[in-house]
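Okay, so here's the structure we're looking at.
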Amino acid sequence: MWIAEAGLTNARLQWQDRLSFKQARAAVIITLLIGVAFSALQILWDLHGERNQIDRTVNQVLSTVRESATQAAYGLDETLAERVVSGLFEYEPIYIARLRDDFGNVLAKQERQQASSSLSWLTSWMFGDNQHYEIPLTIGDSTDLVGYLEIDVDTGVIAAGFINRSAMILASGFVRNFLLGVALTVFFYIALTKPLLRLVHSLRQVDPASPATTKVDIPAHHAADELGLLARSANGLLMEIDDNLWRLREAEQTLRERESRLRGIMQNVADGILSVDSEFQILQCNPACLQLLHLPEDAELIGQNLHDYVVDASRLNLAQLLDQTTPENDRFRPVLDRSIELVLRCADGGKIRVAAVFRPMQYDDSLLYTVVFHDVTAQRRYEERLVYMANHDPLTDLPNRSMLELSLRDALSPNTDNSRHASNIGTALDGTAMGTGKGDVMPLLTATAMLFIDLDRFKLVNDSLGHDFGDLLLKEVATRLRSVIRRSDTLGRLGGDEFLIIIPQLSETQEAATLGQTVLDAFSPAFEIRGRQLFVAPSIGIALSPADGDDFATLMRNADAAMYSAKARGGGTYHFFTKMMNESAVARLAMENDLRDAIKREQFEVYYQPKVHLSTGRLSGLEALLRWNRPGRGFVSPMQFIPIAEETGLIGKIGEWVLRRVCQQIIEWDAQGVAPVVVAVNLSTRQLIEGRITETISGILQETGVAASRLVLEITETVMMQGMNRAVAILTEIRRLGIQIAIDDFGTGYSSLTYLKRLPINSIKIDRSFIRDITTDPDDAAITNTIILMGRNLGLRVIAEGVETTEQLEFLRAHDCDEIQGFLISEPRPPAEIAILMEQLEQA
């Protein structure tokens, strides 16, 4: 380019690459194309006009010579004809001219050479071939023909002239466009390229590290046009780039810090992290991997195969993982992160269990894994321990209820095919002796036996020696039971003092009976606990499947019923389950439910039985006796529902109700003017020991306003078995309230001079079992006499209960018994009737 500028040498471009040249070239080409197009249109238009002009010119020439040619033809004047023909040749395109008369005689003829040209094809295309004109010559207005004037026109001459004119038009257009292109190139260079080069130069001066420090100058005359907008946009872009660079540097710094922290975490994290390829060759690892595998710090894991550290049993998991990441259509199927558990072999020969998470990633055409190992050895041991604890009793280490249920389910599985024989087996069992298992041996197809074992009087051990003694005893019991069962049997503890033995695949009932007797024999020797010898006997209930049930709950319920049957007969024996036991258990459950309803609806009644002085025959007091009028069944014997109430804990509510009702009755009698009398109320051992009996009695006395001296609480000797010290403490608190205390059923339980001396009691009641045969049985008479003498010597009042005959009364009077009670005086009566009897006895 001839325009140069020293200040832009660093930004110089080739002339053909400059934007001004490109713009000018484009403008020239466009202008040229437009000029050519318009020139072509002009030439075509001129061509059309030229074609029409030929005919007009010929006609015009012929019209000027027509008259002369007509005269020459009419007069056969050859001289005139020659002048006419010569005149026609003044029109250059005519190259042949003839004048002839009407007879065809040529009067004059003249011709010249045709113009020759290499563009004859073009001439022929534009004007066609040479044209021939024949004009008839007539005289005047008549149609008399006198001759013909013929001429031939050379179109090549016309075409040559037309082509020359067209060439001049095109040449002038090309010259004009060339000059325009040069002018445009100079203009575009000055107006566009030069400012852009300055802009490029300014941009090259920008500091890449800090773009905002350099700004692109904006010439004043370009401030409002596109170049100014471009310069301002460039400056704004430089500012944004500078801001983004600053942010990028910040992000890079943050990334470096994160990488440093991540590297620190990778180096110090407790989980092992490594990278492996699809063949499980180790590519990278962190130090924790060495620690997990018990390798020294300088050991090299990279390059080794992970399979070498995976035990054979865990390699299947890896193989399954590989199967899920096989290539499909030259691409790896996407795989979600997976966690599998592996057992790794450590360098020292030990083994650890790890949870391995494999995160697949595709690198080029290879599949790599990032593997995270988390040591779960301690966790699995803890979980296994939890599972073990969830299925075993923590005290005896025996299977618990849930484990026993699973064991029974497994034991019953082989018996499914024999379930159709259940009725036959049940019938056979009904025919065996229920007692102590001394019946005929009955063959079975294949059965499962459940032995429900409960320790007799175990509560006495806990209450007297403490629960730690009881726990040690249970452990010893578990040890002895383990020693008598077979390898195929299952021994477990249900809770408290209840144990269960499951015997699978019995062939005859004698096997269950034999094991029951073996258990009884195992309990014969004393248990040595902390230097004390304890004798404990079990009660055992036996149920068979499928005869007595085909599920855990049914078998255990029936075995429990059989155990209670054994316990009811004194314990220390085993009983097989019978349908009668089930009916008894159902009845017992129904009674328990009715008993709870009776407490809510207050269906109980209090009857009273009088006691009289033997010396005077007058009323000495009353004993309150509970009665239950069960709806639809009438009165229920206390011997039936009181044991259930004590067992279920309902005795506390019932005893409180009786005590309150007796105090209310005393107030009613006082209001009626009945002579004051002392009323004895029975207090159960459970109510005395387990409840807050002192607070209960004190609250009832304050509520009703009854004097404490009007009450006597009767307790049985079994209270001593719950702990002498506790019994003494509670009874002493009751005595401080002013209430008298009597020992009921004396002589049938834990009779001892020690507790008579320590307990704060006022009287003792001789049990009716001694009074019944007092006149016929010397032993009962001697025992009764001894009790009377002992009571009098200890300063206690002695009361005989169950007196039904005059002979019994006279015997007791003869031996100085203080008071008597029984049907001889009166049976228990309701309050309204007993009030009348009380007046009669007061007057006796």
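So that you can map any letter, position 100 of the sequence shown is 105 in the numbering used here, and since no number is skipped, the others follow by simple counting.
C-beta: ideal position from N, C-alpha, C; glycine also.
Where I739 sits in the DSSP three-state scheme: DSSP places I739 in the helix class (H, G or I) of the three-state scheme.
Pick from K27, L267 and G308 that is closest to L197, judged by C-alpha positions: Residue K27 is the option with its Cα nearest to L197.
The region 685 to 702 / the region 648 to 665 touching (three or more Cβ pairs under 8 Å): Output reads yes: the region 648 to 665 touches the region 685 to 702.
When E673, H397, P141 and Q645 are compared against F108, the one with the closest alpha-carbon: That would be P141, whose Cα lies nearest to the Cα of F108.
Of the listed residues L242, I804 and G80, nearest to N110 (C-alpha basis): Out of L242, I804 and G80, G80 has the C-alpha closest to the C-alpha of N110.
Q608 versus T621, K584, E597 and N634, residue with shortest Cα-Cα distance: The shortest C-alpha separation from Q608 is found at N634.
Through-space distance from R105 to L150, alpha-carbon basis: When rounded, the distance between both Cα atoms is 11 Å.
Which residues DSSP lists as bridging A685, in chain order: Its beta-bridge partners are E628 and V717.
Coil, strand or helix - E847 by DSSP: Helix.
Simplified DSSP state of P636, which is helix, strand or coil: Here P636 sits in coil by DSSP.
3-residue-minimum beta strand (DSSP E) runs that sit fully inside the region 224 to 265, ordered along the chain: If we require 3 residues or more, the region 224 to 265 turns out to have no beta strand (DSSP E) run fully inside it.
Under 8 Å between C-beta atoms of I748 and E722: With respect to the 8 Å criterion, I748 and E722 are classified as neighbours on the basis of their beta carbons.
According to DSSP, residues forming a beta bridge with R117: According to DSSP, R117 bridges with nothing at all.
DSSP-derived helix/strand/coil call for G622: G622 carries a coil assignment under DSSP once its states are collapsed to helix, strand and coil.
Reduced DSSP category for K356 - H, G, I as helix; E, B as strand; rest coil: The three-state reading of DSSP puts K356 in strand, counting E and B together.
Nearest-angstrom Cα separation, counted from I506 out to Q272: CA-to-CA, the gap between Q272 and I506 works out to about 56 Å.
Beta-carbon contacts of M366 that lie in its chain and below 6 Å, excluding the five residues immediately before and after: Taken in chain order, the residues that qualify are L373.
Contacting residues, own chain, Cβ-Cβ under 7 Å from L846 (five flanking each side not counted): So the qualifying residues of the chain are P615, V617, R623 and L624.
Whole-angstrom distance between L477 and Q471, CA atom to CA atom: Residue identity differs from the one stated: residue 471 is Gly in this sequence, not Gln. For G471 and L477, the distance between alpha carbons rounds to 10 Å.
Three or more C-beta pairs below 8 Å linking the region 457 to 475 and the region 541 to 554: The region 457 to 475, when compared against the region 541 to 554, does touch it at the 8 Å Cβ threshold.
Alpha-carbon to alpha-carbon, R498 and T401: Going from the Cα of T401 to the Cα of R498 covers about 8 Å.
Classification of F581 by the beta-carbon crowding that lies within 10 angstroms, buried from 16 upward: Buried is the call here.
E388 to I345 span [Cα, whole Å]: Near 17 Å, if we compare the C-alpha coordinates of I345 and E388.
Straight-line Cα distance separating E708 from H820: In a straight line, the C-alpha of H820 is about 42 Å away from that of E708.
At least three beta-carbon pairs within less than 8 Å, the region 376 to 393 to the region 474 to 493: Taking 8 Å as the limit for Cβ pairs, the verdict is that the region 474 to 493 does not touch the region 376 to 393.
Any 3 or more C-beta pairs closer than 8 Å across the region 111 to 119 and the region 84 to 99: Touching, per the Cβ criterion.
G54, DSSP secondary structure in three states: The answer is helix: DSSP assigns G54 an H, G or I state.
Range of the contiguous alpha helix (DSSP H) that encloses F816: It spans T811 to A819 - the alpha helix (DSSP H) in which F816 sits, taken as one unbroken run.
Three-state secondary structure (DSSP) of R574: Correct three-state label for R574: coil.
Local Cβ density within 10 Å of E628, reported as buried at 16 or more and exposed below that: Counting the other Cβ atoms within 10 Å of the Cβ of E628 gives 16 or more, which makes it buried.
Those runs of the beta strand (DSSP E) which lie wholly inside the region 171 to 223 and span at least 3 residues: Counting only runs of 3 or more, we get nothing.
Cβ neighbours of R425 in the same chain (closer than 7 Å, five flanking residues each side left out): Note that R425 scores a pLDDT of 40, beneath 50, so its modelled location is shaky; the value from the coordinates is reported in the next line. Hits under 7 Å: none found.
Where V111 falls: helix, strand or coil (DSSP): In this structure, V111 counts as strand in the three-state DSSP scheme.
4 or more residues per run - each alpha helix (DSSP H) lying fully within the region 506 to 559: List check, alpha helix (DSSP H) in window: 514 to 527.
Buried or exposed (CB count within 10 angstroms, at least 16 for buried), P765: When all chains shown are included, P765 counts as exposed.
Residue span of the beta strand (DSSP E) that contains F751, given as start and end: Unbroken beta strand (DSSP E) run through F751: Q745 to F751.
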